[in-house]
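Following: one structure in C-alpha cells, then a few remarks.
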Amino acid sequence: MRTERSSTYVRWQQPWIVFAMVLCCACTTLDMDDWPAVKGGIRQRYPQVRQISPAELDRWLSRSDTIQPILLDVRTIDEYTISHLPGADLTRHAQDARVRLQDVRVDTPIVLYCSIGYRSTGLAALLRHQGFTDVANLEGSIFAWANENRRLVDSERKPTTLVHPYDRPWSGLLDQAHRSE
Numbered sequence: 066m067r068t069e070r071s072s073t074y075v076r077w078q079q080p081w082i083v084f085a086m087v088l089c090c091a092c093t094t095l096d097m098d099d100w101p102a103v104k105g106g107i108r109q110r111y112p113q114v115r116q117i118s119p120a121e122l123d124r125w126l127s128r129s130d131t132i133q134p135i136l137l138d139v140r141t142i143d144e145y146t147i148s149h150l151p152g153a154d155l156t157r158h159a160q161d162a163r164v165r166l167q168d169v170r171v172d173t174p175i176v177l178y179c180s181i182g183y184r185s186t187g188l189a190a191l192l193r194h195q196g197f198t199d200v201a202n203l204e205g206s207i208f209a210w211a212n213e214n215r216r217l218v219d220s221e222r223k224p225t226t227l228v229h230p231y232d233r234p235w236s237g238l239l240d241q242a243h244r245s246e
C-alpha cells in the first residue's frame with residue numbers, strides 16, 4: 066500500500082535518478098546526443114517551470130509590438146563576460162535576482178538562462194515560488210542558443226560567436242566552434 070509519504074519520496078527521487086545517470090555519463094564529456102536526457106532531466110526536476118525554445122525566444126525578442134521579457138543570465142561573471150544574450154542582466158544567484166526585480170511587477174515576463182539550464186531553471190522555480198507569474202527558462206540555455214547560431218554579444222557589447230564552455234563534462238553540449246577555450 067502506497068502512502069502519501071512514499072509517493073512523495075518516489076516523486077522527488079525520480080528526477081535525481083535521471084540526473085545521476087547523466088552525471089555518470091559526465092565522467093567523460095557529454096555530446097550532442099545527450100541533449101534529450103539533459104533536457105528531460107531538467108523538465109522532470111522542475112515541472113512547474115515553463116521552458117521556451119531558442120527559436121521561440123528569438124521570435125519574441127524580434128517583435129517590437131510585444132512586451133519584452135527581462136532576460137536574466139544565471140552564470141558567473143567570467144561566463145557572462147565572454148558572451149551573453151543582448152540585453153541580459155547578470156544574475157548569479159537569488160539575492161541578485163531580488164535586487165534586480167525589486168521594482169518589477171509580478172506579472173512581468175522573465176526569461177532566465179545559464180549554460181545548459183540547471184542553474185537557471187532552479188532560480189526560475191524560486192521566482193515562481195516568490196510570486197512571479199510569467200517566468201520561463203530558455204531550454205538548453207546559452208549552449209542551445211549558440212548552437213543555433215543566434216546573436217550573442219561580449220562584455221563590450223560586440224557581436225561574438227564564442228561561449229564559455231562551463232566545464233569539461235558539459236562542454237560537449239556546445240558545438241566546438243563556439244567554445245571559448
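So the sequence shown is residues 66 to 246, counted in the numbering used here.
Don't be surprised by glycine CBs; every beta carbon is placed ideally from N, CA and C.
Residue i versus residue j: straight-line alpha-carbon distance, rounded
i: residue 225; j: residue 132; result: 26 Å
i: residue 198; j: residue 155; result: 21 Å
i: residue 184; j: residue 130; result: 30 Å
i: residue 212; j: residue 181; result: 11 Å
i: residue 330; j: residue 165; result: The shown model of the chain, from 66 to 246, leaves out residue 330, and the question about it has no answer.
i: residue 205; j: residue 227; result: 16 Å
i: residue 163; j: residue 245; result: 30 Å
i: residue 241; j: residue 93; result: 16 Å
i: residue 179; j: residue 173; result: 20 Å
i: residue 214; j: residue 160; result: 31 Å
i: residue 188; j: residue 116; result: 13 Å
i: residue 118; j: residue 237; result: 20 Å
Best match in the options for proximity to residue i [C-alpha to C-alpha]
i: residue 202; options: 211, 190, 194, 196; result: 190
i: residue 140; options: 215, 186, 115; result: 186
i: residue 176; options: 168, 167, 192, 161; result: 192
i: residue 221; options: 149, 119, 95, 123; result: 149
i: residue 231; options: 214, 207, 219; result: 207
i: residue 223; options: 210, 152, 99; result: 152
i: residue 210; options: 138, 120, 101; result: 120
i: residue 194; options: 126, 135, 112, 104; result: 112
i: residue 171; options: 158, 157, 135; result: 135
Residue range of the unbroken alpha helix (DSSP H) whose run includes residue i
i: residue 193; result: 183 to 194
i: residue 231; result: From DSSP, residue 231 is part of no alpha helix (DSSP H); its letter is neither H nor E.
i: residue 176; result: Element bounds for residue 176: not the alpha helix (DSSP H) but the beta strand (DSSP E), 175 to 178.
i: residue 213; result: Run containing residue 213: none; DSSP gives neither H nor E here.
i: residue 161; result: 159 to 165
i: residue 146; result: 142 to 147
Where the beta strand (DSSP E) containing residue i begins and where it ends
i: residue 201; result: 200 to 203
Stretch-stretch touch, CB-based, cutoff 8 Å, three pairs: the segment 104 to 115 with the segment 140 to 152
Segments in contact, no.
Restricting to runs no shorter than 3 residues, where is the beta strand (DSSP E) found entirely within the segment 89 to 135?
Qualifying beta strand (DSSP E) stretches, in chain order: 115 to 117.
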